[in-house]
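Mapped onto this note's numbering, the consecutive letters of the sequence shown carry residue numbers 377 to 829. Below is one structure; the comments refer to it alone.
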Amino acid sequence: MTASALNLEVAAAARRVIVIGAGLSGLRTAMLLQKIGFEVRVVEGRNRVGGRVFTLDHLSGHPEAGSNVIGPNYGRILDVANSLKLAIEESPRPFASGYIINGEKISRESWPASLQNPFPSDLKKITPDRIVATLLKKNPLQGTSDWRKPVNKDLDVSAIDVFRASGLSNEALKLIDSNNSYGNSLSETSVLALYRVSRSYERAMSMKKKVFEVENGNMRLPERMASSLLDPPILGEQVISVNRSDGFTRVKTYSGKEILGDAVVFALPTSALQKIHIEPQLPSDQAQAFEQLSYHKILQIHLLAQELFWKSPQDYAGYWTNGPLGRIFTRPIPDSEKANITIWINGDSCDQFVSQSREQAISNILSIYYKQVPEARGKVTFGEYIDWITNPFNEGAWAIWGPGDIGRYADLLYRPSGRYFFAGEHTAYSNAGMEGAMESADRVVIEVLRALS
């Protein structure tokens, strides 16, 4: 770089914000800052944008490996999609599901009298997939942001202890624990976090609208957001260090690229953030918060049903199971007689497969699937295996909160440190998921404006 070019780079850096991470939070941050007048450079370690929004475009039906649906309460998502002229459509209604409990197929209607039903008499009619919502029905949170209020700190305790105190047996607790989506085990899940999720679902359901998706896949949203930027995201460049000195911030990547800026927004999961050497160092309590936050374990196998093979009364298209396969979702592919099937394994149930090679894991999961759903043999084809756990860019799906984590860490995760700012769904106050990622961008942009104005 010549001296004149270097001078131009330094001059531009005074109005440049570097955003690390090209997921929804990073891209929305970049879009808003660009609209205000900042120069923005987005750096992304993956070779694609979207982060945990990931449409499997190479498979029929464009199934989603992450960020499956857009809730009716996802106002920011819907607004950005509309402003970018993306078509939003109602998601196809999934096929009906049954239950496989201890290897036995059970219908929703037969569940109350089933010998596999471990719930007390007053809860016998509640199916396993709805029991947690029932247990949390007397929700003390009035709004979706109340989980962060100090008055509710006493709820930041283990969910399994709370459920056990309500009179559930060990068998019932084990059944609930087999498909907990908001902690890798019930003992490691804060019941306050579950109340938060429950209130959010109630808010969405109160709108009495169906869920949505972007036409041809939700990945179209981050792709269109990225294309709206004056400077395209720099892809395939993992950041190795961030250093603030001489009045400028230097972001360096493994390939040797260096980007100068006036501030940095870290819009990536804490598991990825910890791999970046940051100078000056973050305050010790904040660094500890980043180290302690956990992410939900998710494994998926995507299959294509070549025909709708669930024809006998005892067979279903999908299942909620208490076995190693977790849940089996099946959704129709519009204008066809085919369907996408997703085997969705979550929490500690993933551990046995993560320790195996990719080939072994796929083979073992499919073997269990065909044993439990023999009518599928010869009627489905393998599509893709998704391992969010060992993925180096996130090491899990979404942030989860263990007992006490909310009180200890939630307010530290988004706190600015000098010219360093933090976004991502784990920093959101009112919303979770995709909408939480977008919400966090709104906050961080205000913080950047305050610091640089």
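All C-beta atoms, glycine included, are put in the ideal place defined by N, C-alpha and C.
Note down, in chain order, each residue of its chain lying with its Cβ closer than 6 Å to the Cβ of Ser793, except the 5 sequence neighbours on either side. Leu658
Could you pull out every unbroken beta strand (DSSP E) segment of at least 3 residues lying fully inside the stretch 720–769, listed in chain order? 756–763
For my contact list, Ala681 and Ile717 are in at a C-beta cut-off of 8 Å; report their separation, rounded to the angstrom. 6 Å
Under 6 Å Cβ to Cβ from Arg572, same chain only, skipping five residues before and after it: list those, please. Trp523
Hey, how far is the Cα of Arg626 from the Cα of Asp638? 9 Å
Which residues bound the alpha helix (DSSP H) around Gln668? 660–668
Out of Tyr450, Thr431, Ser473, Arg424, point me to the one whose CA is closest to Glu815's CA. Tyr450
Counting only the same chain and skipping the five closest in sequence on each side, list residues whose C-beta sits under 7 Å from that of Lys585. Pro448
Which residue spans inside the stretch 574–622 form an unbroken alpha helix (DSSP H) run of at least 4? 596–603
Whole alpha helix (DSSP H) elements within the stretch 514–557, 4-residue minimum: 535–541, 546–553
In whole angstroms, give me the CA-to-CA distance for Ile396 and Tyr790. 15 Å
Does the stretch 574–582 touch the stretch 419–436, meaning 3 or more C-beta pairs lie closer than 8 Å? no
beta-carbon Gly702 near the ligand FAD non-hydrogen atom, thresh 8 Å: Ligands displayed in this structure: none; no statement on the ligand FAD is therefore possible.
Check each candidate in Ile704, Asn770, Pro708, Phe666 and name the one with the smallest Cα separation from Tyr745. Ile704
Is it a yes or a no for the stretch 663–681 touching the stretch 767–782, going by three-plus beta-carbon pairs under 8 Å? yes
With DSSP collapsed to three states, give me the class of Arg417. strand
Do Thr697 and Tyr558 come within 9 Å of each other at the CB atom, strictly closer than that value? no
Rounded to whole angstroms, what is the Cα-Cα separation between Asn767 and Ala737? 15 Å
Ser380 (DSSP reduced to helix, strand or coil): Confidence is the limiting factor: at Ser380 the pLDDT is only 45, short of 50, which leaves the residue's position unreliable, though a coordinate-based value still follows. Ser380 falls in the helix class under three-state DSSP.
Cys726 and Ile674 closer than 9 Å at C-beta: yes
Assuming Arg428 and Gly399 form a contact by the criterion Cβ under 8 Å, report the distance between their Cβ atoms to the nearest whole angstrom. 6 Å
Check whether the Cβ atoms of Val618 and Lys628 lie closer than 9 Å to each other. yes
Apart from the five residues just before and just after Ala379, which ones in its own chain have a Cβ nearer than 6 Å to its Cβ? With a pLDDT of 43 at Ala379, under the threshold of 50, the modelled position of that residue is not reliable, and the figure given next carries that caveat. Closer than 6 Å at Cβ, skipping near neighbours: no residue.
Compare the C-alpha of Asn478 against each of Pro504, Val456, Asp498 and name the closest. Pro504
Leu606 versus Asn555: straight-line alpha-carbon distance, rounded: 43 Å
If I measure Cβ to Cβ from Ser512 and keep anything under 7 Å in the same chain, skipping five residues before and after, which residues do I get? In the sequence as displayed, the identity of residue 512 is Leu instead of Ser. Here the set comprises Leu570, Tyr571, Ser574.
Report the rounded CA-to-CA distance for Ile677 versus Thr510, giving the unit in angstroms. 30 Å
Given a cut-off of 9 Å on the beta-carbon distance, is the pair Ile765 and Gly772 in contact? yes
Assigned secondary structure, His802 (DSSP; H/G/I helix, E/B strand, else coil): helix
Who are Glu835's beta bridge partners in DSSP? Past the boundaries of the shown model lies residue 835; the chain is included only from 377 to 829, so the question cannot be answered.
If contact is defined by three or more beta carbon pairs under 8 Å, each pair taking one atom from either stretch, is the stretch 682–697 in contact with the stretch 706–714? yes
To the nearest angstrom, report how far apart Ser521 and Asp532 are at their CA atoms. 14 Å
Status (buried if at least 16 other CB within 10 Å, exposed otherwise) for Asn546: exposed
At a cut of 8 Å, does the stretch 429–438 reach the stretch 561–569 through at least three beta carbon pairs? no
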